[in-house]
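Below you'll find the structure, written out as structure tokens, and then a few comments.
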Amino acid sequence: MTELRNVIVFTVGAARYAVELRWVREVVSLGFVTNVPTAPTALGGVCNLHGAILPVLDVSVLLDGVPGLAARQGDGALVIEAEGLVCALRVDQVDHVASLYETAGAVTDATGRPLILLDPARLIRRALELVTALAEHPA
Amino acid sequence: MSDGELDFDAEELAMLRQLFRSEAQDALETVTARLLAGGSAKPSAEALTEMMRVTHTLKGAAGTVGLHAMVDLSHRLESALAALGREPSAWQAVTADRLVEVIDALRGYLDHVNEPSSDAAAAEIRTQIDHIARPNRRAQTEPPTFVEPPPEPVLDSASDTGPLPEPKAWLHVEPERIDTLMSSAGELLFDRTRIERRVQLLRTLARDLARTRQTLHEAIVDESATRPARSLLVEAENALAGQAALLSQTTAALLDEIEALRRTIGEVQRGLTRIRMESAKSLMTHAARTLRALRRATGVTVELRTVGEATEFDKAVAEHLVDPITQLLRNAVAHGVEPPEERAAHGKPPVATITIRARQDANSLVLEVSDDGRGIDTAALSERLVATGRWSAARARLANDADVLAALLDTGISVRGEADELAGRGVGIGLVRQTIAKLGGEVKVSSTPGKGTTFTMRLPLSTALAQAMLFKVDGQVYAIPNIHVVDTTLVEPHATTATVRHDVLPVLRLDQLLGHGAATEKKPAIVVSFAGKSLVCTVDKIVGAREIVIKPLGPLLAPLTLYAGATISGSGKVQLILDPAQLVRRAHPDAPGAALSDPVSAPMVLAGRALVVDDSRAIREAMTSMLGSEGWIVDVAEDGARALQMTRQLRYDLVVTDLEMPALGGFELIARLRKDDRFRTTPVVIITSRASPEHRRRARDLGVRALVAKPITRRKLLEALAAR
């Protein structure tokens, strides 16, 4: 059993996720979300974060291919930095910072409830793949 | 006084006077700054000397360009300043205001430099100056002599025309020339984005090549292959391996070069920006003047303190900062500063101070406007937010002081209930935030009850400013670099072409590409031109031309070729900037570079511009819808003759035609098209209800791709398009 320290636990729809704190730059409330026509659904839009353009990603699409709720102004989001780029993940609720336990590949919190541990680098690579694929073979 | 006595021809003189005007404006600015540095207190001896020196130089320059009235006036101003220097007792509380008035009058006089001098205006200023020095009645005395430069005899037109010693080798450049360079540098940014995309494509290609090689390798390893075939395969694999390696090396090198290009573009932009830099001084001088006017208007006594006058700004940015600063000063005078009695009761000095601080830190320019007034009552503000319905009571309960202060910037609400003419009921604060956001910066407010309020504006040091045409689709605002916008027009419903200044241009339905626009309405449109190709883009609403700050989209969005970048609106919303090159490419699929950026389209045309020729309107509509949903831009013609006419103006990537039509039949149309070089190999699909063997033979001879029997279904059409 491995213990993972400093993990942020959050929910998107019915799913509970966790991400290690070292990837998380900020927890923010999103500003106006600008829709990006022709972009894949994984890209929920773009926001202004301290004067820079922040892409907002949909975790549900990236992991399960099922679109979650559209990102809107005032929604909570985790600002993630990985693979040399910064993006936001829309979340419904940020629960807490906690320690998790990994036993034989399954991740649970202290109470034994299972969680999905996100790999932000993989998530971002997947988003890049989707955007590139769409750009090369427009629908 | 006539100009005939001067050594310059009319043109040269006009230019010289233009130069003099900008020099004189700077000189008057310096004098004003010196004058106002001490509030209404008497300037120091050193300040007076400086003011006299500058006025003296102004006098000399005015003589050189033959502006004798100006020589006279600056001489009088110099004399008045000298008198004040000798007789400090002559300085009165109103003297500073009077001097400012005279300087303003001189400045006004300068605006008419190229016109015949108005003696009435000169006489008016003369009276004002004399009034200043009147207490000691020595206005007409000669100014004291300076060691450097030696005093020149004044009011002597003959010697006035002599050349002035050049103090410094200044280069005077028209601002427009620099602006042109700036916008070219901005264009370079777009160019770089495009090159970057191509390189990304090469990378993909290298990856594919490696994959092909792997497939080949597996074929070689396959034991079932015959020996001679295998040796050929091995050879091919080696060649492929070499090529793949070369391609990926080249791509990597190209990426390095783009990085170098990026740095160079950055340097060019910074260099150009530096040319346009000016110190915060003129901004602060302006602030001092504003405050003086406010003082006179309200009777509120405030002193201005400025820190960091040497901080440099982009002139374009500085111009935009005048309004926010004015607004904040008004706000401070109207809301921030307490009456003297109240100040005294709190143990504060009776005269309030407003401080403007400018400084650079790391990558930004920071400008602070603070007052030492009563501070913002966050409780009262919170109550007003609830009372005006902007906040719910629950939200107000949860908010801390910082949240409440931030709301002040968002909603522009005033703490004082009643309307206030001076500060515009706090509406102005919202405008401050908008202006700063437009420049790519942000505003923060902090306040300590009883101690004062500080507004901090943080701006990017270098701003890639560009002119853009803004428009709306589905309520969202987009931008197109204005340099590529030729015109605006209106497009009829369903039109696939529009005539602009006698040219028939293709229509790109941006309202449908970016939103859910219906083709049934007449739409406003923007005429875009790029690399010699033009098109008309329909939108929902044209907002107009604006100056925007270009922000990069970042690596995640870079593959979306439709966008060249983004900008942030005054209210902090992201607005996407469309790439004109891509728009043109969508309407003119044969534009240069089309094949490279879309490798899949090379062997078989997947989409482009299609011409549908049929005498039945229903079939035309049906085909338009089917092809449209496959991404084709569709033009229609009701017979062969009309189709021929259209092909003369536009190139098509696909022609779909009926056979039996009035005027000119399908086979005749195809035969004529094949004689035109542009349509020699264009895919042609025939739709007909009579597909006899004879028809098939004729079609084959004309190089027709497929014959589709009516009734046409989507599937039949797609199969025909995919046929080789």
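As they're listed, the protein sequences go chains A and B. Heads up, the first sequence is in the numbering used here, so the first residue is 1 and it goes up one at a time. Heads up, the second sequence is in the numbering used here, so the first residue is 1001 and it goes up one at a time. Built from N, CA and C at the ideal position, the CB exists for glycine as well.
- Contact of Ala127/A with chain B is assigned, a C-beta pair being separated by under 9 angstroms.
- By the Cβ test, the segment 1091-1107 of chain B is in contact with the segment 1022-1042 of chain B, since at least three Cβ pairs between them sit closer than 8 angstroms.
- Shown here, Val1704/B sits in coil according to DSSP, grouped into three states, outside any helix or strand.
- A straight-line Cα-Cα distance of about 6 angstroms links Ser1279/B and Glu1309/B.
- For Lys1315/B, none of the residues of chain A pass the 8 angstroms Cβ criterion, the least Cβ distance being about 21 angstroms.
- Within chain A, the residues Gly51, Ala52 and Ile53 have their CB atoms less than 8 angstroms from the CB of Lys1551/B, given in chain order.
- Sorting Ser1692/B, Arg1697/B and Val1100/B by C-alpha distance to the C-alpha of Ala1709/B places Ser1692/B at the top.
- Assigned with DSSP and collapsed to three states, Lys1451/B falls in coil, not helix or strand.
- Under DSSP, Lys1444/B shares a beta bridge with Thr1456/B.
- In the pairwise beta carbon analysis, the segment 1565-1573 of chain B is classified as not touching the segment 1492-1500 of chain B: fewer than three pairs are separated by under 8 angstroms.
- The segment 1371-1390 of chain B makes contact with the segment 1324-1341 of chain B, as at least three CB pairs between them are under 8 angstroms.
- Residues of the segment 1478-1508 of chain B with a C-beta less than 8 angstroms from any C-beta of chain A: none at all.
- Interface annotation, Ile124/A: in contact with chain B, CB-CB separation under 9 angstroms.
- Looking only at Phe1667/B, Met1284/B and Leu1232/B, the smallest Cα-Cα distance to Leu1644/B is reached by Phe1667/B.
- Here Phe32/A carries a coil assignment [DSSP, helix/strand/coil].
- Counting only runs of 3+ residues, the beta strand (DSSP E) found wholly inside the segment 1291-1337 of chain B occupies 1302-1307 and 1312-1314, in chain order.
- Here the segment 40-47 of chain A makes contact with the segment 67-75 of chain A; the two share three or more CB pairs at distances below 8 angstroms.
- At least one beta carbon of chain B lies nearer than 9 angstroms to the beta carbon of Gly84/A.
- Secondary structure note for Ile1550/B: it is in no beta strand (DSSP E), with a DSSP letter that is neither H nor E.
- Under the three-state reduction of DSSP output, Leu117/A falls in the strand class.
- Only residues of its own chain outside the window of five on either side were considered, and among them Val1634 have a CB closer than 7 angstroms to the CB of Gly1628/B, listed in chain order.
- At least one CB of chain B lies nearer than 9 angstroms to the CB of Phe32/A.
- The C-beta distance from Ala1641/B to Ala1663/B rounds to 4 angstroms, short enough to meet the 8 angstroms contact threshold.
- About 7 angstroms separates the CB atoms of Ile1550/B and Ile1577/B; that is less than 8 angstroms, so the two are in contact.
- Unbroken alpha helix (DSSP H) runs of no fewer than 4 residues, entirely contained in the segment 1220-1288 of chain B, are found at 1227-1275, following chain order.
- In the three-state DSSP reduction, Pro1043/B falls in the coil class, being neither helix nor strand.
- In terms of beta-carbon proximity, Leu134/A lines the interface with chain B, with at least one pair separated by less than 9 angstroms.
- In the DSSP annotation of this structure, the continuous segment of the alpha helix (DSSP H) that includes Gly1108/B starts and ends at Thr1095 to Leu1110.
- At a cut-off of 3 residues, the continuous stretches assigned as beta strand (DSSP E) that sit fully inside the segment 1461-1531 of chain B are 1465-1473, 1476-1481, 1485-1491, 1497-1500, 1503-1508 and 1523-1530.
- Within the segment 1527-1559 of chain B, contact with chain A at the beta-carbon level (separation under 8 angstroms) is assigned to Lys1551, Pro1552, Leu1553, Gly1554, Pro1555, Leu1556, Leu1557 and Pro1559.
- Ala1083/B and Lys1042/B have their C-alpha atoms roughly 13 angstroms apart.
- The contact set of Glu1442/B on chain A, defined by CB atoms closer than 9 angstroms, consists of His50 and Gly51 in chain order.
- Put simply, the CB of Ala1379/B is far from chain A, with every gap to its CB atoms at 9 angstroms or more.
- By DSSP's assignment, Glu1023/B forms no beta bridge with any residue.
- In the displayed model, Ser1074/B falls within a helix according to three-state DSSP.
- Contact note: Ile1577/B does not reach chain A at a C-beta cutoff of 8 angstroms; the least C-beta distance is about 11 angstroms.
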